[in-house]
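Protein chains in written order, with our numbering: chain S, 8 to 509; chain P, 8 to 509.
Protein chains: 2
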Amino acid sequence: MLSLRSSTRLFCAKRLAYQRTVYSQASSDLKRVFSKIDDLKPRFIKRLKDAVAIPSVSSEPDRRNELFRMAQFIKSESEPLGVTLQQKELGLQDGVTTSKGEPIPLPPILQGTLKGSGSGKRILIYGHYDVQPANLEDGWSSDPFTLVEKPDGRLVGRGVTDDKGPVIAWINTIQAFKEAGVEIPVDLVFCIEGMEESGSEGLEDFIKQEKSKGFKGVDGICISDNYWVGIKQPVLTYGLRGVSYYSITISGPSEDLHSGLFGGTTYEPMIDLTHVLSRLVTPNGKILIPGIDEMVALLTPEESGLYDKITFTINDLKDALGNDTTIHETPKEALMSRWRYPALSIHGVEGAFSSPGAKTVIPAKVSGKFSIRTVPDIDLKKLDQLVFDHVEKSFASLNSKNKLKVELIHAGKWWVGDPNNWNFEAARKATETVWGVEPDMTREGGSIPIALTFEEELKKPVLLLPIGRGDDGAHSASEKLDTVNYIQGIKTMAAYLYYAGK
Amino acid sequence: MLSLRSSTRLFCAKRLAYQRTVYSQASSDLKRVFSKIDDLKPRFIKRLKDAVAIPSVSSEPDRRNELFRMAQFIKSESEPLGVTLQQKELGLQDGVTTSKGEPIPLPPILQGTLKGSGSGKRILIYGHYDVQPANLEDGWSSDPFTLVEKPDGRLVGRGVTDDKGPVIAWINTIQAFKEAGVEIPVDLVFCIEGMEESGSEGLEDFIKQEKSKGFKGVDGICISDNYWVGIKQPVLTYGLRGVSYYSITISGPSEDLHSGLFGGTTYEPMIDLTHVLSRLVTPNGKILIPGIDEMVALLTPEESGLYDKITFTINDLKDALGNDTTIHETPKEALMSRWRYPALSIHGVEGAFSSPGAKTVIPAKVSGKFSIRTVPDIDLKKLDQLVFDHVEKSFASLNSKNKLKVELIHAGKWWVGDPNNWNFEAARKATETVWGVEPDMTREGGSIPIALTFEEELKKPVLLLPIGRGDDGAHSASEKLDTVNYIQGIKTMAAYLYYAGK
């Protein structure tokens, strides 16, 4: 979501430039794998390029066949490496058709296994092969579905970091083990979906159904679908905020009206909406809905101390924002606001005039969209009730004759794991081996609801192992993955599997 | 802008069903003209059908050639009747190109004259041949550019009432005089533009330039580009509100952000905007910007009495709104709110998420659009300053680090004429002759800025002579003109010219 700024700075941070390195901590087996990863770099970039070239946008029904092509591509790249992948069909997508009105199938989940040398550990790898929409007109400097290698090391294209890069990186990892003649010391189970950017439709049911079948015996889950906090310091992620997304629909006159003919004579839904929206949150982020703060877990001295250790400055945040629009003055306050406190964002209004120019319309029906990022120990059902009550009360106080409907559009729960279990331990050691530094243990402001589903359903620890940087700009028109992060990320994945099996 | 509701009711209002009538008040000359109009009804409907078939949408650059086709059509229909029309070119449109990036010419103004029998009166007829956009997907029951004659008498299609119907009606009027062998007792001057739906670009300059040339010697102006207040009672219009259209742009982070990653850490422009917008007006229409009320002309007992005479009930307003979302309980209050008090409408937000569904974006830059309908004696320059001051003060009180820009997008002044001058007198007598009732003398909530320009530049009285009904749904996907209004409207125009010349 962020553009790359001051890219020249990357060259100053020497540790982050891609180079062959001697990994003193690594075993000879791992060194052989790392060396092979270096050798295969051109092949790995080519593989990512081929993946980016398939415009597998899950939110565009007319491109649904591209999702099937993409699934097939992953299958055909993996199978020569010994991975058995099955395309699990999920039936038709609910309520969605192509522009010609034809129903469309959900993209398949790729489920499969790779038998390792048998330490007994069985690790489930989750990723997704669908991407956000991308059009040249959105501001891309070149065709978003053609991967471009920039002189500064950036690989630019839709999906390079979210999430084709990590998914292809896993395939590359397996190839490197194989070509280095080193056995992978764990069994792998794959769950690669094609609907993540569209709400992961069908995945939760699939996990529930497979927990006693294909996902049986899994010891831990590894998800690589997020980012470092900054641009230099590797991290492991043990917490995510949830998100509850709401809409407030206010309907008035039965059709859009001309403001000249009717302005001043009728209650206008858009006016009511601005009043109701303005009562949700203050400009400096204080949520005005009573009862939410009281559900937030208290900050313990132990937790408070964790934030002091994170490699993050307020200037990092300002860089990411592109200017000084930060609410907080200290990095600790900013990190806590991102990771452990709820936040309410207003996203926009549907049904009102939204084009450039001037239109003198009184919109008859408008929907304001907002969401609340949730954190421990917010009870989501209770949250919904607090939101509904507050919005209804705000609206009632307006004494408008219009009609209000407030509803939850979707909700994903927050998740916090234990950063000291074996799964994180293996990833921590892997990160140290590859990057030469201890990773920061971080949480995320964003939401990956499926993390919690895996943990709740399989009752095994989930690890979030990001390979991209905080400025990768997932979802933006400048999405990138740095070559060094891609290649070192593959090594980190390899070392993770290696240490998880030892 | 309104759909037709309870169309069956139209049959109950017997006077409004189309039928040949004996006009007892009319002179024998006028009776011959009226009879000819009845005879030519099929021809007149065909002419309107041909006009509707040309999709002359001025706001769609790729259809610019249709505007030229439409101008040509009017020319070719008028010239056999003795009207000399010149296509006055206005140069290229500022800042607008076709989808291929080609600059486009402004549509021509049709300027011309028709010499009458010479009473000395010289009347300028204004109208426009461009229309609002229309697509089948907007909810039209049939192709919007194919006029459909409904069994209940409605003529449905884009532009039938706004403003192709009235423009073609003037041509029909001339044809009826000619074929009835009756001389038109006034000289006519035409000014038919093709940019009315897109801000009348070029017209004001044209009027200023022609006032001592083509428009020299004009005694009065007649504009037929508005509607009755209701659906039964003919009206003449002697006042219009002005409109001042503003945008409030708030910019924050340099790019759109992911609300998970940044929610709670940055000032969000959309949140600021809801606060600023909510301080503009209350749900029941009270403008919160200090100083505006003080500029509104005081209500005199004489003026107050005028509203009591208007054929208008609160149920008419409810019918027009489609339900009971009226602010006022009495028709008088509602009429005054529409005609003589300012009103502030919030139209929408540009730059925020406006599609169906859920997107977790923090928009980086949003523009709220609102407008104020202005009335006597509001000073527009002073109004702008009051708006800017209030918005800036509201924003400052938020203590946000975001940036604010508030600007005027366009302004058109209010107009109030003298309903007792010869121009209105002729139209009043014409209406009585054709409809058998005295017209209500009304003002309009909407704005036709060019009315004031004509009056100020030519220093002659402007008359607004609507032929369509209040439920015609100009700009909507059910735009219609009732056949009876079309045909009786032509007769009213004919009688107006007749009486203006006597």
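Don't be surprised by glycine CBs; every beta carbon is placed ideally from N, CA and C.
Could you spell out the range, first to last residue, of the alpha helix (DSSP H) harbouring residue i?
i        : result
GLY267/P : 266–269
HIS282/S : 276–285
TYR314/S : 308–315
THR460/S : 456–465
GLU84/P  : 71–85
GLY172/P : 171–187
VAL59/P  : 48–59
Run through the DSSP bridge pairs and tell me what residue i is partnered with.
i        : result
LYS400/S : None, per the DSSP bridge assignment.
GLN93/P  : GLN118/P
TRP422/S : LEU247/S
LYS412/S : THR256/S
TYR133/P : CYS198/P, ILE230/P
VAL3/P   : The first residue shown for chain P is 8 and the last is 509, placing residue 3/P beyond what the model contains.
Secondary structure at residue i, three-state DSSP: helix, strand or coil?
i        : result
GLN118/S : strand
PRO297/S : coil
PRO338/S : helix
LEU488/S : strand
LYS366/P : coil
LEU1/P   : Beyond the ends of chain P as shown, which are 8 and 509, falls residue 1/P; an answer cannot be given.
MET448/S : strand
ALA20/P  : Low per-residue confidence applies at ALA20/P: pLDDT is 39, beneath 50, and the placement is therefore not dependable, though the value from the model is reported in the following sentence. DSSP places ALA20/P in coil when its eight states are reduced to three.
PHE431/S : helix
SER14/S  : Legend: pLDDT at SER14/S = 29, less than 50; position of this residue unreliable, value from coordinates given subsequently. The answer is coil: DSSP assigns SER14/S none of H, G, I, E or B.
GLN240/S : coil
TYR234/P : strand
VAL138/S : strand
THR273/P : strand
PHE197/S : strand
LYS376/S : strand
SER111/S : First, the residue type needs correcting, since residue 111/S is Ile and not Ser in the sequence shown. Here ILE111/S sits in strand by DSSP.
THR438/P : helix
Return yes when the C-beta of residue i is under 7 Å from any heavy atom of the ligand COA, and no when it is not.
i        : result
PRO151/S : The model on display carries no ligand, and the ligand COA is accordingly not part of it.
Using the C-alpha atoms, what's the distance from residue j back to residue i?
i        : j        : result
THR15/P  : ASP159/P : With a pLDDT of 27 at THR15/P, under the threshold of 50, the modelled position of that residue is not reliable, and the figure given next carries that caveat. Roughly 8 Å separates the two Cα atoms.
ALA501/S : LYS128/S : 15 Å
LYS220/S : GLN118/S : 11 Å
GLU301/S : VAL382/S : 12 Å
ASP386/S : GLY453/S : 18 Å
VAL29/P  : ASP45/P  : 12 Å
LEU55/S  : ILE61/S  : 10 Å
ALA484/P : GLY227/P : 34 Å
GLU399/S : MET277/S : 16 Å
PRO196/P : ARG435/P : It should be pointed out that residue 196/P corresponds to Val in this sequence rather than to Pro. Cα to Cα, the separation comes out at about 21 Å.
LEU470/P : ASN406/P : 50 Å
ASP384/P : TYR234/P : 24 Å
ALA514/P : HIS265/S : Given that chain P is displayed from residue 8 to residue 509, the structure contains no residue 514/P and the question cannot be resolved.
VAL138/S : ALA481/S : 9 Å
LEU9/P   : PRO87/P  : Summary for LEU9/P: the model assigns pLDDT 24, below 50, so the residue's position carries little reliability; its value from the coordinates is reported in the next sentence. Those two C-alpha atoms are separated by around 37 Å.
LEU459/P : GLY424/P : 9 Å
LEU74/P  : ALA418/P : 25 Å
Between which two residues does the beta strand (DSSP E) carrying residue i extend?
i        : result
THR332/S : Unbroken run through THR332/S: none, as it is neither H nor E.
THR104/S : 99–104
GLU357/S : 350–357
Worksheet item: Are there three or more Cβ pairs, one per stretch, closer than 8 Å when the region 302–320 of chain P is compared with the region 333–340 of chain S?
Response: no
Item to complete: Report yes or no: do the region 232–240 of chain S and the region 251–260 of chain S share at least 3 C-beta pairs separated by less than 8 Å?
Response: no
Fill in: contact_flag[the region 55–65 of chain S, the region 200–213 of chain S] where n(CB pairs < 8 Å) is 3 or more
yes
Discussion item. Would the region 258–278 of chain P count as touching the region 414–432 of chain P if we require 3 or more Cβ pairs under 8 Å?
Written reply: no
Fill in: Cβ contact check for the region 206–215 of chain P and the region 456–475 of chain P: 3 or more pairs under 8 Å
yes
Worksheet item: How about the region 159–169 of chain P and the region 489–503 of chain P: do they share at least three Cβ pairs that are nearer than 8 Å?
Response: yes
Worksheet item: Between the region 173–188 of chain S and the region 127–146 of chain S, do at least 3 Cβ pairs fall closer than 8 Å?
Response: yes
Practice prompt. For the region 475–483 of chain P and the region 286–293 of chain S, state whether three or more C-beta atom pairs, one from each stretch, are separated by less than 8 Å.
Written response: no
Practice prompt. Give a yes or no on contact between the region 40–47 of chain P and the region 78–92 of chain P, applying the rule of three or more CB pairs nearer than 8 Å.
Written response: no
Worksheet item: Is there contact here, the region 188–201 of chain P with the region 439–452 of chain P, by at least three beta-carbon pairs under 8 Å?
Response: no
Practice prompt. Could you tell me whether the region 261–274 of chain P touches the region 338–355 of chain S, where touching means 3 or more Cβ pairs closer than 8 Å?
Written response: yes
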